[in-house]
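S.K.:
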Ligand code: ADP
Ligand code: ADP
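See below:
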């Protein structure tokens, strides 16, 4: 599950100014699509449309053949996990932040998610309630630690589709390398849409689309795009 398609998608925040002018994408289940392009090209907008923050003006987005306009918001959000560039956390424990909105999750599941995101060292088992951050440093998590919390949230949700919207862009290069390694693990078996600036970081993508001027200006694999210059 998790076959994503965009067919002739047109969208503008202002009806007179289209940001996306007829985008076609076909992302088979379990594969990775990278979307690159200059700042302002509409990369994040494309991700927001898939999550249905906004409805398309024309065309359709489908998941496994079903138009997302006909799917409930709740089931769409269950199907898609997002790791944004900057994760905003509640001023509460790591466990609370990981489990937020998932009243059905138990302690063991939260701990497993924390482990998968390599942040388990920060939580400890409490006699009641969710795992707590050792030491209670409030919101003093580093950027990389915050991204690990976002990854743990995603693991707890276990969605077939992942959106990584410049998930490591705000990090220093060493932390970026560490988080990318964790992301590569959670991408396995999921349909993934990676939004990126530089081609060099998305060598592993099954297909790359270059957005420019509201259209898919180029598409291909990493090697094909390099060959074309
Ligand atoms: P990218 O992710 O490629 O940098 P965005 O999708 O963020 O591009 O933005 C595409 C265009 O849409 C930009 O011109 C931006 O200013 C505009 N835009 C983005 N978000 C909004 C919004 N919420 N309301 C109006 N315009 C927006
Ligand atoms: P920037 O200059 O904004 O850092 P990059 O092209 O270097 O642009 O990377 C953009 C984003 O692509 C990164 O922040 C990261 O979230 C994502 N990305 C790159 N490679 C991977 C990968 N292997 N797995 C998941 N996400 C990736």
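Numbering (the UniProt record's numbering), first residue to last: 356 to 584.
We put the CB at the ideal spot given by N, CA and C, even for glycine.
Everything numeric in this text was worked out from a predicted model, so none of it was measured.
(1) Which of helix, strand or coil does DSSP assign to residue 534?
(2) Could you tell me if the beta carbon of residue 395 falls within a distance shorter than 6 Å of some heavy atom in ligand 1?
(3) Within the continuous alpha helix (DSSP H) that includes residue 401, where are the two ends?
(4) To the nearest angstrom, report how far apart residue 504 and residue 552 are at their CA atoms.
(5) Pick helix, strand or coil for residue 423, following the three-state DSSP scheme.
(6) My output table needs one value for residue 374: the three-state DSSP class, helix, strand or coil.
(7) Of the residues 513, 515, 516 and 523, which one's Cα is nearest the Cα of residue 499?
(8) Taking C-alpha atoms, which residue in 520, 528 and 572 lies nearest to residue 547?
(9) At the level of alpha carbons, what is the spacing between residue 379 and residue 426?
(10) Could you tell me if the beta carbon of residue 399 falls within a distance shorter than 6 Å of some heavy atom in ligand 1?
(11) Just to confirm, does residue 374 get its C-beta within under 6 Å of one of the non-hydrogen atoms of ligand 1?
(12) Shorter than 6 Å, the distance from the beta carbon of residue 368 to the closest heavy atom of ligand 1, or not?
M.R.: Result, derived from the coordinates:
(1) The three-state reading of DSSP puts residue 534 in helix, counting H, G and I together.
(2) Residue 395 Cβ: within cutoff of ligand 1.
(3) Segment 398 to 405, the alpha helix (DSSP H) holding residue 401.
(4) Between residue 504 and residue 552, the C-alpha separation is close to 23 Å.
(5) Helix, per DSSP.
(6) Reduced to three states, the DSSP call for residue 374 is coil.
(7) With distances taken between CA atoms, residue 499 lies nearest to 523 out of 513, 515, 516 and 523.
(8) Among 520, 528 and 572, the Cα nearest to that of residue 547 is on 520.
(9) Each residue's alpha carbon lies about 20 Å from the other.
(10) Yes, since a heavy atom of ligand 1 falls inside the 6 Å radius drawn around the Cβ of residue 399.
(11) Checking every heavy atom of ligand 1 against the Cβ of residue 374, one is found closer than 6 Å.
(12) Correct: residue 368 has its Cβ closer than 6 Å to ligand 1.
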